């Protein structure tokens, strides 16, 4: 076994000094590696203070005494109801085969974790004064007996990780740590340690997952470096278990692993420089896995504050920047856009507003430990989200008393008044685009490419998410309340912005997120001035039977959508302009090309279970759907339409190009061009010699350019030739080269391996 562990250490490039190791052998004859060292009195004090602080954070039992009678009464009622609910189906039989009669499979990680979750809720009701369960010896006995039973029969060193790895290595260890913190003085020391050591067996090191020998039975048996949101989970598990066990090395292991998530990545999981957050290798997940990360980071910053373990790693600044620069766009109407929430869109009770609430409270917690100026900037962002949620008062749905205190301070403090409104952003790290109009309209575009998967289905979730990365356009007014009913009821074959066959699909079919199945198309992304954006998608369907070029021009309160070269052998093809619940919001739709347009109003009935959720209760909603019918197996079809608040006519737009070489459009004073091909092509006065997205604004003698390469594949500088002689005024491209020749200005722009927008200002 020692050889096996050492081999695993070598494979993971994890070097542990021999004098820091100790092999701990338990009754199961399994072995784990743990670091041990002497602990000073000051360290013990820190451990105790962090433990007490965490227990109070989890239960709020002391701060509750300072609350108003109403808050106190409501909290007690909530805990009483929670306690009663978690006693339902409790199995009192001494010869029981499970703790709860409705959770009988004690080899299932899901059911074991749910059992621990219920015991945690009972523990909270037991320790908070004023509840019906407070210090009830019978309840205490049931909790302690259940913990012991689970340790003997379900979650012990050597137990095989059947099913999904997440419950065994993350979910259950977090529950055990929290129960031990809450019931610390009630659980005998010997029992505390063995429960925590069982957790340590399954998840021993913060930087790794799949470390346990039992991982070979799980859904992810390989030893691997933990990343993104999962890294934050592994970190907080090691950190909290460390101070509960008074093990300095585990505390340090957890704390040191946290800052790693602050390092920007260029591929795979983590934060990108543009504030994109990716999990599972290639899925946009700012809405869920990043939320897990924020929750963990906020907790660790809060708990380590004032101790010798306080976190001051400068890499954390990258996370603060990502919160400020990213979520000022992704938090819409107080919620977080579904475009960055992956498969969680199919979960009952999980919607944009609820996920947004989780993110807002988590980053508010982070602000407690963040240095200035980050603290104030994050709190202004939180204030903006609170003000924009007109569906409900966010603070009234926060039940953690510490979080409620922080949020109330932000809500009433004039120092955190609304930040200046952002406009447009291309998240080139995850193929997403956001445009926030100056009035009450917002647009989000969700795409996929050779870098980012089209959608994710896993554990039976998001079974019909087929087209959610195919150029979906989310169109928001000022209220996101109706979004709660969208996914279980919408016609999944007619998602806004998508060009697709109406042929029936199998649940879970057509994922393009694994290496061998990724789309071969790389021209996906866009270019932005910060106020105006040109987005692009070289589209190929999941079955390679439908293709086309898709562009979006976003300016002020309007989105213009252009398509060309739509070819298919997959039957009847529709491009959906919008498919929305009749929520009272009023938008203007203008089709600017000569296509067959269909508009229909219908009542749709659906349920969460149908898309991968749990409830099969019917939900009925009224929809208005508008789409363009390209006919059966179209050849070189196209479209041009606008959506927005303003009246649009054909005179408002000049089409410069609409073919497989380039999409070019002129609106107001802006010219936007997507050069699709890796060879020279000229549109208007601009000639590109490779793939390129360009926005140009010419006023008088000044020419402003914004340039990017959405393919992110170029190994050489992009060449752009412009009619007329110009001189450079300023640029964000430090490697820019410029020359004039025969009344032409030739620019060499450093877009090498990046989708970032470069700004260039020229003067005649």
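Residue numbers (the numbering used here): 1262 to 2025.
Note that beta-carbon positions come from the ideal geometry of N, C-alpha and C, so glycine has one too.
Because the structure is a prediction, the values reported are computed rather than measured.
When you compare the CB of residue i with every CB in chain B, is at least one pair closer than 8 Å?
i	result
residue 1335	Here chain B cannot be found, since the structure has a single protein chain.
Would you mind giving the Cβ-Cβ distance between residue i and residue j, rounded to the nearest angstrom? I have them listed as a contact below 8 Å.
i	j	result
residue 1443	residue 1589	With 8 Å as the limit, residue 1443 and residue 1589 do not qualify as a contact, their Cβ atoms being about 36 Å apart.
residue 1653	residue 1703	About 19 Å separates the two Cβ atoms, so there is no contact after all.
residue 1799	residue 1937	6 Å
residue 1861	residue 1886	5 Å
residue 2036	residue 1598	The requested residue 2036 is not part of the displayed model; the chain covers only 1262 to 2025.
residue 1895	residue 1828	7 Å
Take residue i and list the residues in its own chain whose beta-carbon comes closer than 8 Å to its own, dropping the five residues that flank it on each side.
i	result
residue 1985	1946, 2004, 2005, 2006, 2025
residue 1264	Any reading at residue 1264 is ruled out, since the residue's pLDDT is 39, under 50, leaving its predicted position unreliable.
With a threshold of 6 Å on Cβ separation, who are the neighbours of residue i within its own chain once the five nearest residues in sequence on each side are excluded?
i	result
residue 1779	1711, 1773
residue 1647	1655, 1672
residue 1396	none
residue 1394	1344, 1386, 1387, 1400
residue 2018	1788, 1789, 1967, 1969
residue 2020	1967, 1993
residue 1901	1823, 1853, 1854
residue 1758	1732, 1733, 1734
residue 1742	1652
residue 2013	1975
residue 2008	1981, 1999
residue 1453	1441
residue 1746	1880, 1882
Measure the Cβ-Cβ separation of residue i and residue j and say whether it is below 8 Å.
i	j	result
residue 1308	residue 1663	no
residue 1979	residue 1934	no
residue 1905	residue 1819	yes
residue 2102	residue 1525	Residue 2102 falls outside the range modelled here, since the chain spans only 1262 to 2025, and no answer is possible.
residue 1625	residue 1668	yes
residue 1728	residue 1753	yes
residue 1897	residue 1962	no
residue 1499	residue 1459	no
residue 1584	residue 1639	yes
residue 1437	residue 1423	no
residue 1507	residue 1305	yes
residue 1536	residue 1586	yes
residue 1869	residue 1446	no
residue 1892	residue 1833	yes
residue 1434	residue 1475	no
List the residues that DSSP assigns as beta-bridge partners of residue i.
i	result
residue 1349	BP columns for residue 1349 are empty, so no partner.
residue 1828	1808
residue 1500	DSSP lists no partner for residue 1500.
residue 1788	1795
residue 1722	1719
residue 1823	1812, 1901
residue 1916	1926
residue 1840	1886
residue 1931	1928, 1958
residue 1734	1706
residue 1893	1833
residue 1388	DSSP lists no partner for residue 1388.
residue 1984	2005
So the candidates are the options; which of them puts its Cα closest to the Cα of residue i?
i	options	result
residue 1379	1432, 1424, 1447, 1770	1432
residue 1982	1974, 2000, 1969	2000
residue 1821	1949, 1795, 1809	1795
residue 1717	1746, 1601, 1468, 1392	1601
residue 1572	1426, 1995, 1520, 1699	1520
residue 1790	1965, 1871, 1745	1965
residue 1374	1440, 1330, 1331	1440
residue 1958	1643, 1870, 1930	1930
residue 1226	1884, 1849, 1927, 1876	With the chain represented from 1262 up to 2025, any question about residue 1226 goes unanswered, as that position is not in the structure.
residue 1697	1682, 1689, 1690, 1709	1682
residue 1369	1411, 1321, 1449	1411
residue 1391	1330, 1972, 1776, 1807	1330
residue 1867	1470, 1713, 1928, 1748	1748
residue 1531	1363, 1580, 1812	1580
residue 1784	1473, 1678, 2015	2015
residue 1977	1409, 1997, 1541	1997
residue 1921	1797, 1313, 1956, 1766	1797
Sorted by chain position, which residues of the same chain lie with C-beta nearer than 7 Å to residue i's C-beta, five sequence neighbours on each side aside?
i	result
residue 1988	2023, 2024
residue 1857	1889, 1890
residue 1864	1881, 1883
residue 1995	none
residue 1512	1500, 1503, 1504, 1570
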